[in-house]
Amino acid sequence: MITRTFACLFLIAGLPALAVAETPKVIHVFVALCDNATQGIVPVPAKIGNGDDPDRNLYWGCDDGMRQVFKRSASWRLVESKRQPVPATVLERLIFKHRQKDVWLVAHAYRGAEMKQMMDDFLQGVSGVAGPEILAREGEREVNLPGSGQAHFLAFIGHNGLMDFSAPFPKNQRGDTPVPVTVLCCKSHSYFTQGLRESGGQPVLMTSQFMYPGSFLLHALLDGWLAGEKGDALRERATAAYARNQKISLKSARGVFVTP
């Protein structure tokens, strides 16, 4: 009887471990496509500055854009791509899976004219506002990926929309567990850092100057973050990547970035 009771208790105690699956680590990346017509930018060639065309856009389809950088990466594998035609708010969503770790990356390409909506969605995610889960398929495996409000890392890449308009930073709903966040746009430190902290974000890399927000910066940053690096180590990753891409000195590149 003692043996049977012990066996039953052992089986019951083991059930929760079998029934509860680990939540995958998820990164959400928000990109507002470069758009000469609606954003306060120095105009770029029309071909890469059309905010309705993700395939050729400076921040998405070009060599240094989000889609191309991560598609050719040795560390990430494209799992799924979903397209929507204009006038949809999000024209393309990509899901990548890290090749060595159970980490997923969801990248959202917002139509250039939808910068305000993108900013609102990004800041809501930082604050912890629950968003819809995303179903991803990896072969026969189905995975429910948390929305941006439950993300483990958040990034925004593109033009600094706060130079064109004001946007409220939502109230922190994350409590005492801030989410790591980076904003890769011109002068993001002075425009975003304080508000992100108040909303529930932990800025890990920001910028102090006008700069080029190529997605190679995010790739380098995530390599370090996934390796457990912090502070100056992450800044040096971005510095090296920026110096290499822009063909400038490490000293000049280092001045672009801030680790608050």
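Per the working numbering, the very first residue in the sequence shown carries number 50; after that it's consecutive. In this text, a Cβ means the ideal position worked out from N, Cα and C, and glycines have one as well.
CB of residue i within 9 Å of CB of residue j, strictly
i           : j           : result
residue 304 : residue 258 : yes
residue 200 : residue 118 : no
residue 5   : residue 211 : Nothing can be reported for residue 5, as the shown portion of the chain is limited to 50 through 309.
residue 195 : residue 73  : yes
residue 229 : residue 246 : no
residue 149 : residue 178 : no
residue 81  : residue 88  : yes
residue 291 : residue 255 : no
residue 306 : residue 113 : no
residue 203 : residue 78  : yes
residue 138 : residue 166 : yes
residue 288 : residue 276 : no
residue 208 : residue 83  : yes
residue 176 : residue 219 : yes
residue 286 : residue 272 : yes
Closest residue to residue i among the options (Cα-Cα distance)
i           : options            : result
residue 130 : 124, 119, 139, 144 : 144
residue 184 : 153, 113, 239      : 153
residue 157 : 133, 177, 227      : 133
residue 110 : 91, 214, 159, 289  : 159
residue 180 : 262, 197, 186      : 197
residue 41  : 162, 107, 190, 243 : Residue coverage of the chain in this structure runs from 50 to 309, which leaves residue 41 outside it and unanswerable.
residue 107 : 192, 188, 97       : 97
residue 309 : 252, 263, 278, 279 : 252
residue 105 : 151, 248, 161, 155 : 161
residue 142 : 155, 193, 239, 268 : 155
residue 206 : 116, 273, 244      : 116
residue 248 : 151, 263, 169      : 169
residue 215 : 90, 281, 244       : 244
residue 90  : 187, 164, 239      : 164
residue 250 : 231, 92, 239, 299  : 231
residue 151 : 86, 92, 299, 192   : 192
Assigned secondary structure, residue i (DSSP; H/G/I helix, E/B strand, else coil)
i           : result
residue 142 : strand
residue 159 : strand
residue 184 : strand
residue 292 : helix
residue 253 : strand
residue 307 : strand
residue 262 : coil
residue 92  : coil
residue 81  : strand
residue 197 : helix
residue 119 : helix
residue 132 : strand
residue 278 : coil
residue 242 : helix
residue 300 : helix
residue 211 : helix
Inset, instruction - Evaluate contact between the region 95 to 109 and the region 120 to 129, counting only Cβ atoms and requiring at least three cross-stretch pairs below 8 Å. - result: The region 95 to 109 vs the region 120 to 129: no contact.
Legend entry - the region 285 to 302 contacting the region 235 to 251, beta-carbon criterion three pairs below 8 Å: Touching, no.
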